[in-house]
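Input: a single structure, listed below in structure tokens.
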């Protein structure tokens, strides 16, 4: 059982940065998300923690039947086992001491009834009443949710050792889903990167995603979405199979870490308002469909579930307690996601020392939206990482690119029937040869070749920092990549878990400077810069011009709405005053960009 005691969650970060975050924070009632894309990394971390806690460990070989799913199941079960041990340790600690029990309650938000009861305990005289309340509080100590993330786009079918296709049910995403579904966890799977009909259909194989005889869901579905329309489309597809979406997780298209799934100019506050206004549709249009499915299957759908509303949560660029409070109070969100700032909290995530130093000293120019992902999706990056240096060095050799040891991101069939990765040596050598044979200028050839060299072996390099941090691998053989959001620039040192949580809830001094612009300002600037870049890549034909104009229209509508918000009363530690002048500046820049390209 997990709780909803906190008003924030820690989203998935990379493949490894949050891979053991639940072990660290779930015992304090904090929910977080593990990436289960990389089963090789998962197996290494499972071995590390099994040995650390003196559990038996039997390796699951790569060539073992359904090894990917089995590795994930075993790791998730181990994480749950360790979290439960830690919860029992906290329960067995005494009250009225500076220990993890006091830390558990003190870190709760001020609005928490549980925290109010804990504070009341200090003012009750010794006796049966105090003992009863203490016992109640002890029973209320529950772990945060151990959630997992599956990126729907990463779903290639793997090959056997004989180079034969393993079958659709053994594809990357379906095997990962099976690994979660067969685990002992009662938590959520977060699906990101859009709809995957085959993957979503396969969920129906697992009974844990349907309500049991008590009306409960053991395993829940969370959809990370970029707009209301996609939320409704995906929700309807799942509802037709009797599957409920328990949470819609809205993320800024650009003001986030990792891959950026950019909207066509729709800003986060505009999206949040739409979800708030249309939230009832997510129940009224989906629940009756789910009820009919249960009836056709001869099962009972609880009447109380018909009116249960899905959670609406938000993440991306939130940087102060006041901004988080606005998400909850004004937009009706149930929780806020805080990712990148937790990269500087060793009590929550794994980042190697060298990369940590880069993060703490990062300037605005060090954080950039790159084309380095083999998926072809814009990817948030940090300059001067071990991965960047390694990739550049390799690009100067006859064999650029990666040996592709994991193959998580294979998708290109330009040179073979079997998909290969655009960050691999196999692809890059062939692509560069093809470019060199083109009838074009040397300048164009250099430009095309540089674009090939930009691709990074993300599935290997994103996990290396974790392996170095845990002492599993050595730095000299493990180039490290990281994918922070732009918001990290305002956080410049290491923080304790308690410090960061106090900051999230607006307790004490803010960890970011007063001059930090509002999160809405930062998102607007990112979108204006993005549309500027679009003019370098998009064809200015009728279709391209129409897209750019719609993008601009959406962006300006969002800016006007942000101006309305800027006139409201600010919450503590919320820099609403920065909005008017910032938007005025960005509107001028937007007009200039279009004028320079002869679009008015």
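In the working numbering, the protein residues as written are -13 to 586. The C-beta atom is built at its ideal place from N, Cα and C for all residues, glycine as well. Treat the numbers as computed from the prediction; the structure is a model and nothing was measured.
> Quick one: Cα of residue 288 to Cα of residue 277, how far?
Replying inline: Taking the first residue of the chain shown as 1, we reach residue 288 at position 302. Taking the first residue of the chain shown as 1, we reach residue 277 at position 291. Rounded to whole angstroms, the gap between the alpha carbons of residue 288 and residue 277 is 8 Å.
> When the Cα of residue 327 is compared with those of 336, 320, 20, which residue comes out closest?
Replying inline: Here residue 327 refers to the residue found at position 341 when the chain shown is read from its first residue. Residue 336 is the option with its Cα nearest to residue 327.
> When DSSP labels each residue in this structure, what does residue 423 get in the three-state scheme?
Replying inline: Counting from one through the chain shown, the residue named residue 423 turns up at place 437. Coil, per DSSP.
>> Does residue 56 pass the burial test, meaning 16 or more other C-beta atoms within 10 Å, or should it be called exposed?
In response: Walking along the chain shown from the start, residue 56 turns up at place 70. Result: buried.
> Considering only the beta carbon of each residue, do residue 242 and residue 366 sit closer than 9 Å?
Replying inline: Here the question's residue 242 lines up with position 256 in the chain shown. Here the question's residue 366 lines up with position 380 in the chain shown. Contact flag set, yes.
> Touching or not, the region 548 to 567 and the region 257 to 269, by the rule of three or more beta carbon pairs under 8 Å?
Replying inline: No contact exists between the region 548 to 567 and the region 257 to 269.
> Considering only residues of the region 276 to 349, which uninterrupted beta strand (DSSP E) runs meet the minimum length of 3 residues and lie entirely inside it, listed in chain order?
Replying inline: As far as the region 276 to 349 is concerned, its whole beta strand (DSSP E) runs of at least 3 residues are 297 to 301, 321 to 323.
>> Using only CA atoms, which one of 539, 290, 183 lies nearest to residue 224?
In response: As a first step, residue 224 must be located in the chain shown, where it is residue number 238. Check the Cα spacing between residue 224 and each of 539, 290, 183: the tightest is with 183.
>> Going by DSSP, what residue range makes up the alpha helix (DSSP H) through residue 248?
In response: Residue 248 sits at position 262 when you count from the first residue of the chain shown. For residue 248, there is no enclosing alpha helix (DSSP H), as DSSP marks it with neither H nor E.
> Tell me the DSSP bridge mates of residue 132?
Replying inline: Translated into positions along the chain shown, residue 132 becomes position 146. 18.
> Should residue 496 and residue 307 be called a contact, given that it needs their Cβ atoms to be closer than 9 Å?
Replying inline: As a working note, residue 496 is residue 510 in the chain shown. As a working note, residue 307 is residue 321 in the chain shown. Contact flag set, yes.
>> Assess contact between the region 43 to 55 and the region 24 to 33, defined as three or more Cβ pairs (one per stretch) separated by less than 8 Å. Is contact present?
In response: Yes, since at least three Cβ pairs between the region 43 to 55 and the region 24 to 33 fall closer than 8 Å, the two stretches touch.
>> Rounding to the nearest angstrom, what Cα-Cα distance links residue 9 and residue 94 in this structure?
In response: Locating residue 9 in the chain shown gives position 23, counting from the first residue. Locating residue 94 in the chain shown gives position 108, counting from the first residue. C-alpha of residue 9 to C-alpha of residue 94: approximately 18 Å in a straight line.
> Three-state secondary structure (DSSP) at residue 111?
Replying inline: What you label residue 111 is simply residue 125 of the chain shown in a count that begins at 1. If DSSP states are grouped into helix, strand and coil, residue 111 belongs with coil.
> Measuring CB to CB, does residue 103 end up less than 9 Å from residue 122?
Replying inline: In the chain shown, the residue the question calls residue 103 occupies position 117. In the chain shown, the residue the question calls residue 122 occupies position 136. Taking 9 Å as the Cβ cut-off, residue 103 and residue 122 qualify as a contacting pair.
>> Rounded to the nearest angstrom, what separates residue 339 and residue 455 at their Cα positions?
In response: Here residue 339 corresponds to residue number 353 of the chain shown, with the count starting at 1. Here residue 455 corresponds to residue number 469 of the chain shown, with the count starting at 1. Straight-line measurement puts the Cα of residue 455 at about 7 Å from the Cα of residue 339.
> In or out: residue 151 buried (at least 16 other Cβ within 10 Å) or exposed?
Replying inline: By 1-based counting over the chain shown, the position of residue 151 is 165. Because residue 151 sits at a pLDDT of 45, beneath the cut-off of 50, its placement in the model cannot be relied upon, and the following sentence gives the value as read from the coordinates. Residue 151 should be labelled exposed.
> Where does residue 88 fall in DSSP's three states?
Replying inline: Here the question's residue 88 lines up with position 102 in the chain shown. Helix at residue 88.
> Can you tell me where the alpha helix (DSSP H) with residue 567 in it begins and where it stops?
Replying inline: Locating residue 567 in the chain shown gives position 581, counting from the first residue. It spans 565 to 582 - the alpha helix (DSSP H) in which residue 567 sits, taken as one unbroken run.
> So residue 529 is in the alpha helix (DSSP H); what residue range does that whole segment cover?
Replying inline: For the purposes of this step, residue 529 is taken as the residue at position 543 of the chain shown. Segment 528 to 552, the alpha helix (DSSP H) holding residue 529.
> Distance, Cα to Cα, residue 169 vs residue 205?
Replying inline: Within the chain shown, residue 169 is the residue found at index 183, counting from 1. Within the chain shown, residue 205 is the residue found at index 219, counting from 1. Across the structure, residue 169 and residue 205 are spaced so that their CA atoms are roughly 10 Å apart.
> Under 9 Å between the Cβ atoms of residue -2 and residue 211?
Replying inline: Position 12 of the chain shown, counting from 1, holds the residue named residue -2. Position 225 of the chain shown, counting from 1, holds the residue named residue 211. No, they are not a contact pair.
>> Taking the alpha-carbon of residue 414 as reference, which of 425, 427, 377, 448 has the nearest alpha-carbon?
In response: Against the chain shown, residue 414 aligns to sequence position 428. The option with the nearest alpha carbon to residue 414 is 377.
>> Counting C-beta neighbours from all protein chains within 10 Å, is the total for residue 199 16 or more, i.e. buried, or is it exposed?
In response: Taking the chain shown and counting its residues from 1, the one referred to as residue 199 is at position 213. Residue environment: residue 199 is assigned as exposed (fewer than 16 neighbouring CB atoms within 10 Å of its CB, all protein chains considered).
> In chain order, what residues of the same chain lie with their CB nearer than 8 Å to the CB of residue 594, ignoring the 5 residues before and after it?
Replying inline: Residue 594 is absent from the structure shown; the chain starts at -13 and stops at 586.
> Are the beta-carbon atoms of residue 548 and residue 255 separated by less than 9 Å?
Replying inline: Residue 548 sits at position 562 when you count from the first residue of the chain shown. Residue 255 sits at position 269 when you count from the first residue of the chain shown. Against a cut-off of 9 Å, the Cβ pair of residue 255 and residue 548 comes out as a contact.
> Near residue 392, which residues of its chain fall below 7 Å by C-beta distance, leaving aside the five closest residues on each side in sequence?
Replying inline: Within the chain shown, the letter at position 406 stands for residue 392. Around residue 392: 24, 26, 445, 446.
>> Between which residues of its own chain and residue 268 is the CB-CB distance below 8 Å, once the five residues before and five after are set aside?
In response: To locate residue 268, count along the chain shown from 1; it is residue 282. Excluding sequence neighbours, residue 268 sits near 217, 218, 221, 231, 234, 295, 296.
> Would the beta-carbon of residue 514 fall within 9 Å of that of residue 483?
Replying inline: Numbered from its first residue, the chain shown carries residue 514 at position 528. Numbered from its first residue, the chain shown carries residue 483 at position 497. Not in contact: residue 514 and residue 483 (Cβ atoms no closer than 9 Å).
> Between the region 460 to 477 and the region 317 to 333, do at least 3 Cβ pairs fall closer than 8 Å?
Replying inline: Contact between the region 460 to 477 and the region 317 to 333 is present, because at least three Cβ pairs lie under 8 Å.
> Going by the CB atoms, is the gap between residue 442 and residue 525 shorter than 9 Å?
Replying inline: Residue numbering aside, residue 525 sits at position 539 when the chain shown is read from its first letter. Residue numbering aside, residue 442 sits at position 456 when the chain shown is read from its first letter. For residue 525 and residue 442, no; Cβs fall outside 9 Å.
> Excluding the five sequence neighbours on either side, which residues of its own chain have a C-beta within less than 6 Å of the C-beta of residue -5, listed in chain order?
Replying inline: Translated into positions along the chain shown, residue -5 becomes position 9. If we look at residue -5 and ignore the five residues flanking it on each side, its Cβ neighbours are 17, 321, 323.
>> From the DSSP secondary-structure annotation, give me the bridge partner or partners of residue -5.
In response: Along the chain shown, read from residue 1 onward, the residue named residue -5 stands at position 9. Bridge partners of residue -5 according to DSSP: 17, 323.
>> Beta-carbon within less than 8 Å of residue 97's beta-carbon, same chain only, minus the 5 sequence neighbours each way: which residues are those?
In response: Residue mapping note: residue 97 aligns to position 111 of the chain shown, counting from 1. Within its own chain, the residues whose Cβ lies closer than 8 Å to the Cβ of residue 97, once the five positions on either side in sequence are excluded, are -7, listed in chain order.
>> Give me the DSSP bridge partner(s) of residue 206.
In response: On the chain shown, position 220 is the one that residue 206 refers to. Residue 206 is bridged to 174.
>> Need the endpoints of the beta strand (DSSP E) that residue 231 sits in, please.
In response: Position 245 of the chain shown, counted from the first residue, corresponds to residue 231. Run containing residue 231: 231 to 237, per the beta strand (DSSP E) assignment.
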